[in-house]
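Protein sequences appear in the order of chains A and B. Each residue of the first sequence is one higher than the one before, starting from 1 at the first, in the UniProt record's numbering. Each residue of the second sequence is one higher than the one before, starting from 1 at the first, in the UniProt record's numbering. A short worksheet on the structure shown next.
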Amino acid sequence: MKIGFPRALFYFDYFPFWAGFFYHLGIEVETSPPTHRQIMEDGLKKTSDETCLPLKLLAGHIQALKDVDAIFLPRMVSMEENTYNCPKFLGIPESLLSAVPPEIPVLSAVINWRKGQRQVLKDLRVLGMQLGKSGAEIHRAFLEGHEWQQHYQDSRGRKWDFEEKMREIEYVTRQTQKIKPENFSMQVSENHQNCQKDLKITLIGHSYLVQECYANLNLLQRLREHAEVNLIQHVEREDVEAHLSGLRKKLFWSHAKQIYGAGNKFVEDPTIDGIIYLTCFGCGTDSMVQELLAQKVRKHHKPYMVITLDEHTGEAGLVTRLEAFLDMVERRKVREGYVSAYGECLDSHSNTL
Amino acid sequence: MLGNDNYYLGADVGSVSTNLVLLSEKNEVALTLYLRTQGRPMQTIQEGIKVLRSKIGKSAKIIGVGTTGSARQLAATLLGADVIKNEITAHAVAASRVNPSVQTILEIGGQDSKIIILRDGVVSDFAMNTVCAAGTGSFLDQQAARLGIPIEEFGHLALEAASPVKIAGRCSVFAESDMIHKQQLGHALPDILAGLCQAMVRNYLNNVGKNKDIRGPIFFQGGVAANPGIRKAFEEELGQPIIVPEHFGVMGALGAAYLAQEKVGRQSELRTRFRGLQLGDIQFNARSFECSGCANRCEVVEILQEGSILARWGDRCGKWANAVGKGTYKGKSQEGEQQGA
């Protein structure tokens, strides 16, 4: 059996779990190719105009999956206690059924950690029945998936490259002999772009925007040509938790929590020269979190810019903003060499010096 | 007719206008040209160069070229630019050269609007309009045309308003329907125009100017600065005097010229890459094709000079763009007559 897994939305955070899960069950997983123009166009045609770009891309990826026995669209409700994924994750698969080619069946599974591991396993067993797997097999597959996910999350760090990591996982899933996550062998490339650059920029945003290099017009790569880039995805969970204080109410969206907590850490880090917030048009959680973070940034007078993505393919707007931002950060950095950015007589309603 | 000096050329090729500035070595603005781009940037640049050539002395020389604006890449290819800069930096450089103490720049152009905050002559913060072009020059143009008044008179009429009406400013579509309602109720034209100016300024300050620390001296530049109605609305809203610099309409081009001067002036041995004033008469063509190398099907643009390829862009992988220098083009540009008088 071959299952199609779209390279979009939940892929960017949770693919390792599903890869390990299906690998254990001996089910082949085929991912759709990295986003290209046709995928984007197909996605735009099959979704409601009201929804966000990442979901439209997902619809495109679904259509790009050919020659598979089923398309897998999990409903990832919650990944840890007290948090939810964005409502658009919760509406999957129903909200995307119109994009699925009629001859291909859809497989789904609910993942809801709010109700604990027992419920997760129970829901996975429902999937197991459709796949003809026993409860015990599902349990072991769950553990393997969990291990893969853990390994993946632990490996996130400064020299880590998302695409390489994903290639590694996809490579392992195609091997017949069993390989344990700790023996996933592809070396982390040392010559990664993240070496010796004067500027340190943090790129904040959902994984499915930051790592989606077609839709974000190669923003990450463009930035890396000029600066050392830090991503919020690399920040440890404890670090995120530690920087959530000061909020009057807990953030219960998991991505929003990661973005705000990790973002906060970078805002407070004096070695970071500038922060770029990448969002997409119509994102509900970002509309709140971006503003919360912007307020923090202004208190620290850091250069800050929001880039809003939609279906643009023209690069001029992005390039202009990026160039101007980097020019500004560079020149400010030179000037702050002798004027403290954190000194007095600063206005906390502006991120101007 | 200008003298036979050496000049720096700044070109700002935007969506609505193409501006050229000649800056003398003594930092004097010798010539400014404001042309409508009308969707044909290449022809407009060439036209501009022709005008330029007819106005300067036979032995005058261009010793440095800077380009900016949304078509800066295209302009740079055509002209042979020494420096290519984004509009924000260009505007900031120009303003701080004109007045080193300037702290805020309000810039409203044809399709975009921006605010630039400077401290000690350095850009400290900026913002550009995001997804929508409401409240930019094109919208004013369109409304002026709808009301049948020349855009030049728009502002002056607005100043005659006795009691400006309130116009919804969030979106230009709303603004337009609101204006029509007011007009049908019988409000005077100046009152409606003044109301529109206020709505635009409100919208600008709420969107682009959000959370910015606007301090004086404040410069107002870009094509819309020609409109005294908007200027007055800004002054009322901000409670501070607004300075419209002499060359407000071509500040981007002026900034590009200053940047060219900085670049070329610093390295005296550096010779400009300017392709010569005869380029007004050369046949340039642009064509585009869809690359079929991969599923991205990039739209590649090719700029041709009399049949040979000058530059390409638009491909994500860079294989077309990079192939140019290795082929027919390289060497040709620098050899050609530097100044065809």
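Built from N, CA and C at the ideal position, the CB exists for glycine as well. What you are looking at is a predicted structure, and each value in this text was computed from that prediction instead of being measured.
Name the chain B residues that come within less than 9 Å of residue i, Cβ to Cβ?
| i | result |
| --- | --- |
| residue 36 of chain A | 294, 295, 296 and 297 |
| residue 218 of chain A | 316 |
How would you call residue i, buried or exposed, if buried means at least 16 neighbouring beta carbons within 10 angstroms?
| i | result |
| --- | --- |
| residue 181 of chain B | exposed |
| residue 85 of chain B | buried |
| residue 286 of chain A | buried |
| residue 53 of chain B | buried |
| residue 329 of chain A | buried |
| residue 153 of chain B | exposed |
| residue 252 of chain A | exposed |
| residue 285 of chain B | exposed |
| residue 222 of chain B | buried |
| residue 175 of chain A | exposed |
| residue 277 of chain A | buried |
| residue 124 of chain A | buried |
| residue 144 of chain A | buried |
| residue 203 of chain B | buried |
| residue 271 of chain A | exposed |
| residue 143 of chain B | buried |
Using a Cβ cut-off of 7 Å, pull out every chain B residue sitting near residue i, in sequence order please.
| i | result |
| --- | --- |
| residue 324 of chain A | 86, 88, 89 and 126 |
| residue 316 of chain A | 70 |
By the three-class DSSP mapping on this structure, what secondary structure does residue i have?
| i | result |
| --- | --- |
| residue 252 of chain A | coil |
| residue 32 of chain A | coil |
| residue 1 of chain A | coil |
| residue 78 of chain A | strand |
| residue 262 of chain A | helix |
| residue 160 of chain B | coil |
| residue 277 of chain A | strand |
| residue 200 of chain A | strand |
| residue 9 of chain B | strand |
| residue 342 of chain B | The requested residue 342 of chain B does not occur in the structure, where chain B is confined to residues 1 to 341. |
| residue 322 of chain B | helix |
| residue 29 of chain B | strand |
| residue 117 of chain A | helix |
| residue 240 of chain A | helix |
| residue 54 of chain B | helix |
| residue 173 of chain A | helix |
| residue 148 of chain B | coil |
| residue 7 of chain A | coil |
| residue 19 of chain A | helix |
| residue 225 of chain A | coil |
| residue 217 of chain A | coil |
| residue 166 of chain B | coil |
| residue 302 of chain B | strand |
Find the nearest neighbour of residue i within the set the options, judged by alpha-carbon distance.
| i | options | result |
| --- | --- | --- |
| residue 77 of chain B | B/318, B/312 and B/319 | B/312 |
| residue 81 of chain B | B/67, B/90 and B/88 | B/67 |
| residue 63 of chain A | A/40, A/83 and A/52 | A/40 |
| residue 131 of chain A | A/284, A/270 and A/3 | A/3 |
| residue 299 of chain B | B/277, B/262 and B/316 | B/316 |
| residue 152 of chain A | A/15, A/323, A/291 and A/300 | A/15 |
| residue 13 of chain B | B/309, B/255 and B/215 | B/255 |
| residue 109 of chain A | A/21, A/167 and A/101 | A/21 |
| residue 318 of chain B | B/305, B/308 and B/293 | B/293 |
| residue 38 of chain B | B/18, B/32 and B/23 | B/18 |
| residue 283 of chain B | B/188, B/265 and B/305 | B/305 |
| residue 86 of chain A | A/254, A/318 and A/300 | A/254 |
| residue 228 of chain A | A/203, A/216, A/242 and A/215 | A/203 |
| residue 45 of chain A | A/60, A/129, A/24 and A/208 | A/60 |
| residue 48 of chain A | A/312, A/307 and A/98 | A/98 |
| residue 321 of chain B | B/172, B/240 and B/291 | B/291 |
Note down, in chain order, every chain A residue with its Cβ under 8 Å from the Cβ of residue i.
| i | result |
| --- | --- |
| residue 123 of chain B | 324, 327, 328, 331 and 332 |
Could you name the residues of chain A that residue i contacts, counting a contact when the two beta carbons are closer than 9 Å?
| i | result |
| --- | --- |
| residue 203 of chain B | The contacting residues do not exist; residue 203 of chain B stays about 17 Å from chain A at best. |
Can you pull the chain B neighbours of residue i, defined as C-beta to C-beta under 8 Å?
| i | result |
| --- | --- |
| residue 320 of chain A | 70, 86, 87, 88 and 128 |
Return no unless some Cβ of chain E is closer than 8 Å to the Cβ of residue i.
| i | result |
| --- | --- |
| residue 273 of chain B | The chain labelled as chain E is not found among the protein chains of the depicted structure, namely A and B. |
(request) Just list the beta strand (DSSP E) runs in the segment 52-113 of chain A, keeping only unbroken ones of 3 residues or longer that don't cross its boundaries, in chain order. (result) 70-72, 75-78 and 110-112
(message) So within the segment 94-128 of chain B, which uninterrupted beta strand (DSSP E) runs reach at least 3 residues, ignoring any that extend past its ends?
(response) 104-108, 113-119 and 122-128
(message) List, from N- to C-terminal side, the beta strand (DSSP E) runs of 3 residues or more that fit wholly inside the segment 275-328 of chain A.
(response) 304-309
(request) Let me know the beta strand (DSSP E) ranges lying completely inside the segment 171-224 of chain B, each 3 residues or longer, listed in chain order. (result) Counting whole runs of 3 or more residues, the segment 171-224 of chain B contains the beta strand (DSSP E) stretches 218-221.
(request) Entirely within the segment 237-299 of chain B and at least 4 residues each: give me those alpha helix (DSSP H) ranges in chain order. (result) Listed in chain order, the complete alpha helix (DSSP H) runs (minimum 4 residues) inside the segment 237-299 of chain B are 251-266.
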